[in-house]
Every structure is written in structure tokens, then in C-alpha cells.
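Colleague: Residue numbers (my numbering), protein chains in the order written: chain A, 118 to 884; chain B, 17 to 350.
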């Protein structure tokens, strides 16, 4: 057999040059430690969006003109009563000035009471009078404040720049894509830090509170939360070490698999940094996963070695033997993990692709550290004195082996079928997208989400807006038909449940038209007269974001109540309906920019990716099983429990109100990829025994003796590792933690119960 | 006739196409979108009209329903002469008629190419009515709106404009016609007061007619801004309100007028007199002025949202208001 002879050759050469192998690994590790120390947290807005999605093409095309979706909103609030006092205006001015001078802020679009573009216009007998809302000679005394108050009312900015109840005022800014001085990509995390240090910290005192929201601040908070992961990492290492020690009863056999797994983590980080990648806060959990997977394979290794040594072999011979028996199932298992992660590349969202690369790299590395380095290092030790008495567990295994007998097997399969049917039925309710208000990555009680709730509560605007882009001909904004069409669209959308308000050039032109007629609201219409429209238009600069310079592109901005998946879905589908009805030879409506446009595209991308991803993952798993077992029956026994467990995981998601998102979609692939390990380890022994002529029941019992405790232990170890995420500051990590814990534990149980039950019927007639 | 032809010629050059009117869309937000006029019809129901051709009917239980309206043009005014017969007017010089208490409406006039809105409508009885609007738009019917005739009232011109027009007529006939078509002020409201008819509008216009608008007599100018409403109080005095919080009162039937301090600078839209002899003045920026002394002094009760109040009517002891943000029911009547 050529595979076997290849393995022979590797085995011989590796163990003959043990010193060399260890030295090589040490050298590589030193280099990669250095590389890993250079790794940076890296978060960019564009990584989070499916750039090739139709909506995002519209978004990118017009981003330059309309500022895109990367905004910062800072609400300065006074705790007692209203904003009309000196303390407040001093703070607001301070915040405005600070924000204005932060590099990366688009200075032409900083908007607040203090920006010169915030003007009021009032009608007087002979026309208009107007000026900046806060006059140049403003002093925060009684008279000055009264003037500002009446100007605010005239300017009609309540709900946008000033809170509905006058308790807060807003400073808004759009961020540039690149740093203005260095020309490098804007560092979101550094900017978030600046916002916290230079804008929030100095001004939030006394009665003043400062509330900051926007993508940049959000990733900043996510990154801060992600740093808490280090603690979990340490906790996971400690717990895992204790577990391994309980399993191996040997300090050396505890330290080595842990150390080798840590080497895998270091390699992964080093390689990432060498390849020019950063670590995104969204994928910061991957090192965890790599560690946990590493340990689980390490445990298989020490388990195998320990058993051999107990049979009286020398440590070196045991290590060598274990290496050769485990290399095939190990590589198959790890490769299916890797392939599982690689399938995530099919999703056209930068951050998921990065996760795919990060994770597959990490798992591939384990092949070297835990399947190769670990036995080589162990072979230097003498573990014979650490013989364990496994008599008791062996008895337990004998009981469990009955699962492969027809009676218990029938019962197991019946329960499985019932669970599967229930799960399958329930998982149809699985929702795509975010199901909760606020920033989904963070907990509801986090400062960021509290700030978001405050702002959406006190202002008429929200961060959950979607811009539908109207593309038409040059100078179309003085064409009443174009504006009428936009207005009709806007009105239809305003009537959709979940749309709180909307604004577009059309609605603003109406207000201005009434302004030209003394503020008489009977004139609040889109004037049919081109000259009247041109006159009204002269009041609306393109910096308002309502039109471009050529007047050929205009957004209709829809403010939504929230960004729950069903809200977005409803608004998008109604928008599509309205567009189909209203698109004509002059006007083309295009979905969609703004944060909700991004989410809608992401949701659609996730939904589209779901099926192909599952097909690829299962395809890869099936293929690898066929190759390593060369048996259809074995493949079925491994894959069916996996599929049942993924279905149950989807059921769990609907029960726990977890939506299918950029962060939970990968979990399904990861869960299948890792879940398959158990089945592969069990079956690899079983199929050897079956080939040797054992009855199924006996073969399974043997497999349990040999691998059962390792499988059980592995499932628990992995589950403990990821369950520490329950305590994360980040909501998506909690979600991922729950799902992965479930996947690891239940897959392990399924491999020990459902797998033999299925096998019982597949190998029924075998004598 | 030539004027209309000229107007037609001018606008056929512009891109505006003359399309058939589209019926108004029924939507649940119509109760919250801008309403411009509201009327209590025989204490049986309330009719309100507003943006996008919306016509709403509110029954005595305060339940509202959107009626089928044949146009999407913004409607600016509504007037009923009985529980069944009513008219609504608005932009695109549209005139709608109902003879079943507002359930169905028929188009009597629709002239979008004219690009002039009607601002108010008043009917003396089921047959005779007047519709007025921007740039001196003036229509009359004597057959319940089956036919509407346009009228031009030179008597409503300012003296200097009359002279100017006469000079222009001698020099340039063409320019004269163009100028004549747009020189009249905007007519904002027409008020029936027994045998007397009042009309107020732009450029300080207050005019009076004793023959239901066939001949007009302009009052002396007391203010050069626009007037939006006029009313005769229960005590027989006149009140006029207009731009920038201006309010005037006359105890001698039109002369002399005394300015009344309102304390606001918002545009004042409408005067309502309650059965309890209170006077309410509605205005922009959430202005609600209440007078308990026949309009001599006012107390300001600002609406917190600052949204314009356009028109009001007393119904079931409450003030029903057509506002910028739809229907409001205010508990301000004693």
C-alpha cells in the first residue's frame, strides 16, 4: 500500500532524526514567536461587507459623494432639564472643536449647533431673513441662550441636531477612508481610542454626559471587549491543564500536549502576521479554537502512547507506533476541519474569509505540532511509571458498547429520528441576520448600546438608516416628474411598518417651496414649475448629502425603527415592490447604501452562502471519510450523526433567538469540521477491527477501549474551552460560545451513541 | 381666453406633460400626514383634507377613515353646505365635489398645466359658490359646480398696479396680458358673513363684497404683509390675522383697525370661534392663541412639537385641528 509505505518512510525518518526535528521546530517557533509579536488588531469597515453584492456596488459607487455609512454621532446631554445653560454649551463647543481636529474626520461635514452650516431661515414681510443658529457673538447668558433657542425652532433642527426634548444636542461627522496626512487606511481602533480619550473623557463630567456611536466606536468597543479574551484564554489553559492531568496522571504528559498546542497557536499567529494579515476582533476566538483542537488531538496521542506503554512497550516504540496509527485518522480529521474552514472562503465577506484563512491555517499547523512534534518529544521521556488502572472505565465501556446491539440501537435511532424531525421542523424558523436592537456584537447593557438606545430614543433620527439611491439624468432635480417619483417612493416607504421617517431632496424641496410662499404650508408641494424648483434648489448645497453636484444622483433616506432581520427584510421587499412599480426611463431606484443597506446585503450574502457552504463542508467530510475508510457504510455512520447534530444546533439557535449572521454562520462549518473528529477516531479503530473479522459489537467495544476515553475527554475539553466565552463582553462571542459548546458536546455524544446504532444496522449481516 | 391659450402655449414648452389625474393612495399614515383644512359638517362628522389628495372623514366616535379621492394633488380647503354636499379644492386648480357626505368625490375641475393652486372655497347654497387661489385665481359657479367660470376683479388691484397695467396696455398688449395674469395678489381665504363676503390675501389684502363677490371693495392698507384669515366675532367685531403674528381688530366694521399684541412671530393661519365664545387662533411653530375677551388679548398655548396648526373646528366639545402632522384633537374648549 503506497500510503502505508509513505507513512513508513516518514515515521522512520522522523524518529531516526529526532534531534533534528525538535531543533527545527524550536527554530521555527522562535522565528514565529517574533512574527506573532508583531501582529496587530485590525478592523476595517469594508471587511465587514459583501463588496460584490449588488447593493454594495451601489454603495461603493456613490460613497464618495454621500459619505457612505461610516459616521460618528456624538450626543452631548445635560442630565438636568435642558441644554440651555452655560455648562452645556461650553461642553458642546469643546466636543465640536475636538472632533473637528481629529485626523480622519471629514471636516467639511462636521455638523452641530456650532457649525456655520447650521442655519435658520425665517420669513419676513419682504422675503427671508436668516443666519447661523448660534450667532458669531454668542455668549451663554440668558439673552444669548434665548436667541439660540428661538433660532433652533426656526431652523427646524429639533430631532436631528437637537433632541426632541431639548435634553441633548448632536455633533455629527463623517469619516474619511484614508488618513489625510499619511494617506494610509484610517485606523478605526486608534480613532475609537481618540474618541474615548479626547472627546468623551474631558467633557463627561458634572451634569454632562457624552454618548458616542458609529461603526468606528463600535469596533473600538468590540476590540476592547475582545481583549478580555486573553483572560478566557488563560482560564481555558488552566482548566484544560487540570483536565489533561486528571486524564494522564502525569505532569509531563500534561505539559507536552498543552505546550504543543500553544506552539500551534504561536505558529498560526506568526504565519498570519508573516502573510500580512492582522487579527480582527471578530476572529480573535480562533486561537482559542486552535488551542482546543490541538489539545484534543494531543490527548488522542498521549492516550494511544499511554495504552501502548501499559502493554509493556518502551516509550519510544509506543510513540512511534502511536504516530503511525494516528497519522491517518488525525490528518483526516484535521484536514476535514481545515476544509470546513476553507469552505467559508465561498462567502464574499472579507471578515469571514479572514476567519477562514486564520482558522484553516491554525488547524493545518496542528498536524505538525500535535501529530508530529508531540510524539517525537514524548519519545524522549519514559512514561512507563505512569501506568493507569483503567479497569473501571473499561467496565463502563462494555456497558456503552451495547449501543451497537440491535435493541438499544433501535431505541437510540428512534430517539434520534424524533429529535431530528423536531429539529428539522423547528430549524425552518431560523432567522437570517440580527435579531436584537443595538450593535449586535455587543451586549444590550453595554455602554455603546445604551448610547445607541438613548440617541434613537431622544432624536427623530437613528443610525439604522438605509439610502435608496435614485439615479437619473444630469440636472434632474429641477424636473418635477423626477421629484414626484421620488416623493411617491418615499411616501410608500414611509407607510411600511418599521420605517420611522424618511428624507429626500423631494421632501426638502417641498418644505423650501412653502418657505418661498411666506411659510404657508398650503404651498408645501413639489412645485410643477422648473424655475421655482431651480430657485428652491439654490438653498440646498450638495454637502447636505441629498444630491450630487451634477444633480443626477439623489438618495431617499429611510430611517428604520431597528435593524432586526425581519424589519430589514420587510423594508427591502417593500422597496423592491415600489421600485418595480416606479422605475421608468428617467428614474432608476437602486438599493441600497447606509448601515441598513450594508446589513441587508450582508444578510442576503449570508443567506445565499448558507446552502453552498453546507454542501461544500459535507462534500469535503464525505470525501475525506471515503478516502480514509474506503467504506460507504463507515462514511454514512460518521456523516449522519453530524447532520443530525447540525440540525439540532439550528433548532437551538431558533430557541435562543440567535440569528444566522456573519459570526454564527461560520460556527456551523466549524462545528461540522470539528465534530467529525470524534466519529473518525472511533471508526478508524472500528474499521480496522471489523477488517480483522471482529463482530460489530466487539469491534465497537475495542474502539471504545482504545479511543473512548480520549473521545469523551476531547469533547469535554473542547466544550470547556469554548464555554468560557459565555462570560465574554461581546454578544457574538457568547453566541458562538453557546453554539460551539453545544456542537462539541452533542457531536461527541452522537459519535458514542448514534454512530454505533447506525453501524449496527449497516453491518447487520456481517459474520 | 387668450390668456389661457398663452399660458397653455408657455407651459407646453416646458417638460410638464398633461397627464390624467391619479387617484389618491389609501394609507394608514394619512391621519398623520399634513392636513390643511378641516370642517365640522352638521355636527355629524368631520371632514379634513390635505397632502397627496387625502380626504379623511371622522365620525362622532372619533374613528377616522380615508375616503376615495380621485386626485393626488394636495387639497387646501373643503366646504360643505349640507350633510351631503361639499367641495374640496387644491393644487392643480382642482375642484372636487361630493353629494353623498364625502364618501365619493368627482372631479369638477383639474387644470395642472395652469400651475396655480386654489386656496379656498365657499358655497352660499348647493348652487352658488366661489373658489379662490394664488395669483388672483377666482372661479364662480352658479350650477353646483357643473361649470366654473373664471373671473378677473380689477377692483382688487392696488391703485398703482391699475395705473401700471393701463400704461402697459397702451404700450405692449402682449406684455400687458402676461402681467395681468399674475399681478393680482394671492387670495388666501374667503369668508361668508351673512350678506357680506370677505376675502383676505397677499400684500395686505382685505376686501369686502355685498353681492357675493361680483364686485369688491378693498380696505385701506393697514399692513403690507399677507393676511390668512378674518372673522366676525360673536360680539360683532372683526379680527384679521396674518404673517409674522400680526393680528388686527376692528370694532367699527372695517375701520379703524387696531393692532393686537400676540407675542408671537409665527404665521397665523386660522381663526376659530367656539360655542363657548372663546376665540382660537392657530399658527405655525405650534402656535395656539386663546382669547376669552373677544380678541383683545391672547394667551399663548404652544404645542410642544412645534408643528404648524393649519385649521380647526369644534366638534363634540373638542377642538379638531388639521396640522402639519395630521389630525390633532385638543382639549382647550371650556
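Every residue, glycine too, gets a C-beta built ideally from N, C-alpha and C.
Because the structure is a prediction, the values reported are computed rather than measured.
(1) Note down the Cα distance separating residue 599(A) from residue 703(A), rounded to an integer number of angstroms.
(2) Distance, Cα to Cα, residue 250(B) vs residue 115(B)?
(3) Going by DSSP, what residue range makes up the alpha helix (DSSP H) through residue 193(A)?
(4) Excluding the five sequence neighbours on either side, which residues of its own chain have a C-beta within less than 8 Å of the C-beta of residue 232(B), listed in chain order?
(5) Taking the straight line between their C-alpha atoms, what separation do you get for residue 232(A) and residue 274(A)?
(6) Residues in its own chain within less than 6 Å of residue 455(A) by CB, not counting five upstream and five downstream?
(7) Using the C-alpha atoms, what's the distance from residue 421(A) back to residue 439(A)?
(8) Have a look at 521(A), 662(A), 335(A), 587(A) and flag the residue whose alpha-carbon is nearest the alpha-carbon of residue 568(A).
(9) Can you list, in chain order, the stretches of the beta strand (DSSP E) that have 3 or more residues and sit fully within the stretch 36-69 of chain B?
(10) Check whether the stretch 734-747 of chain A touches the stretch 204-221 of chain A, taking contact to mean three or more Cβ pairs, one atom from each stretch, closer than 8 Å.
(11) Say whether chain B places a C-beta atom closer than 8 Å to the C-beta of residue 703(A).
(12) Could you tell me the alpha carbon to alpha carbon distance between residue 855(A) and residue 843(A), rounded to whole angstroms?
(13) Using a Cβ-Cβ cutoff of 7 Å, what residues of the stretch 76-103 of chain B are near chain A? List them in chain order.
(14) Starting from residue 119(B), trace the beta strand (DSSP E) both ways and give me its first and last residue.
(15) Could you tell me whether any Cβ in chain B is nearer than 8 Å to the Cβ of residue 645(A)?
(16) Does residue 344(B) get closer than 8 Å to chain A when you measure Cβ to Cβ?
(17) Kindly list, in the order they appear in chain B, the residues whose Cβ is closer than 7 Å to that of residue 638(A).
(18) Could you list which residues in chain B have their beta carbon closer than 7 Å to that of residue 891(A), in chain order?
(19) Would the C-beta of residue 492(A) count as close to the ligand GDP, meaning under 7 Å from any of its heavy atoms?
(20) Give the single residue among 847(A), 460(A), 765(A) whose Cα lies nearest to the Cα of residue 732(A).
(21) State the start and end residues of the unbroken beta strand (DSSP E) segment that holds residue 342(B).
(22) Report back the beta-carbon spacing between residue 391(A) and residue 437(A) to the nearest angstrom; my notes put them in contact at under 8 Å.
(23) For residue 131(B), return the contacting residues in chain A, with the cut-off set at a CB-CB distance below 7 Å.
(24) On the three-pair Cβ rule with 8 Å, is the stretch 317-329 of chain A touching the stretch 184-203 of chain A?
(25) Name the chain B residues that come within less than 7 Å of residue 642(A), Cβ to Cβ?
(26) Residues of chain A with CB under 9 Å from residue 205(B), in chain order?
(27) Relative to the C-alpha of residue 58(B), which residue among 331(B), 348(B), 337(B), 338(B) is closest?
(28) In whole angstroms, what is the alpha-carbon distance linking residue 776(A) and residue 718(A)?
(29) Sort out for me which residues DSSP pairs residue 224(A) with in a bridge.
(30) Listing by chain order, which chain B residues have their CB less than 7 Å from the CB of residue 608(A)?
(31) Determine the burial state of residue 573(A): buried for a count of at least 16 other Cβ atoms within 10 Å of its Cβ, exposed for fewer.
(32) Among residues of its own chain, excluding the 5 on either side of residue 319(A), which ones have a beta-carbon nearer than 8 Å to its beta-carbon?
(33) Quick check on the DSSP output: what are the complete alpha helix (DSSP H) runs of length 4 or more inside the stretch 295-344 of chain A, in order along the chain?
(34) Can you tell me whether residue 167(A) is buried or exposed, with buried defined as 16 or more other CB within 10 angstroms of its CB?
(35) If you run the structure through DSSP and keep just helix, strand and coil, what is residue 209(B)?
(36) Is there a C-beta anywhere in chain B that falls below 8 Å from the one on residue 635(A)?
Modeller: Once the coordinates are examined:
(1) 7 Å
(2) 31 Å
(3) Where residue 193(A) is concerned, there is no enclosing alpha helix (DSSP H), although the beta strand (DSSP E) it sits in stretches over 188-195.
(4) 169, 171, 172, 215, 223, 224, 225
(5) 13 Å
(6) 477, 480, 481
(7) 6 Å
(8) It is 335(A) whose Cα lies nearest to the Cα of residue 568(A).
(9) Secondary structure within the stretch 36-69 of chain B: the beta strand (DSSP E) runs of 3 or more consecutive residues, fully enclosed, are 51-57, 61-66 (chain order).
(10) No contact exists between the stretch 734-747 of chain A and the stretch 204-221 of chain A.
(11) no
(12) In this structure, the alpha-carbon of residue 855(A) lies about 7 Å from that of residue 843(A).
(13) 90, 92
(14) Counting along the chain, residue 119(B) falls outside any beta strand (DSSP E), and DSSP gives it neither H nor E.
(15) It does; some Cβ of chain B falls within 8 Å.
(16) no
(17) 50, 52, 324, 326, 340
(18) In the structure displayed, chain A extends from 118 to 884; residue 891(A) sits before or after that span and is not available.
(19) The ligand GDP is absent from the structure shown, which contains no ligand whatsoever.
(20) 460(A)
(21) Bounds of the beta strand (DSSP E) holding residue 342(B) are 342-346.
(22) Their Cβ separation, rounded to whole angstroms, is 32 Å, which puts residue 391(A) and residue 437(A) out of contact at 8 Å.
(23) Neighbours of residue 131(B) on chain A, chain order: 645, 646.
(24) yes
(25) 90, 107
(26) The premise fails here: residue 205(B) is roughly 10 Å from chain A at the closest Cβ pair, so nothing lies under 9 Å.
(27) 331(B)
(28) 15 Å
(29) None, per the DSSP bridge assignment.
(30) 68
(31) buried
(32) 211, 215
(33) 305-311, 332-344
(34) buried
(35) strand
(36) yes
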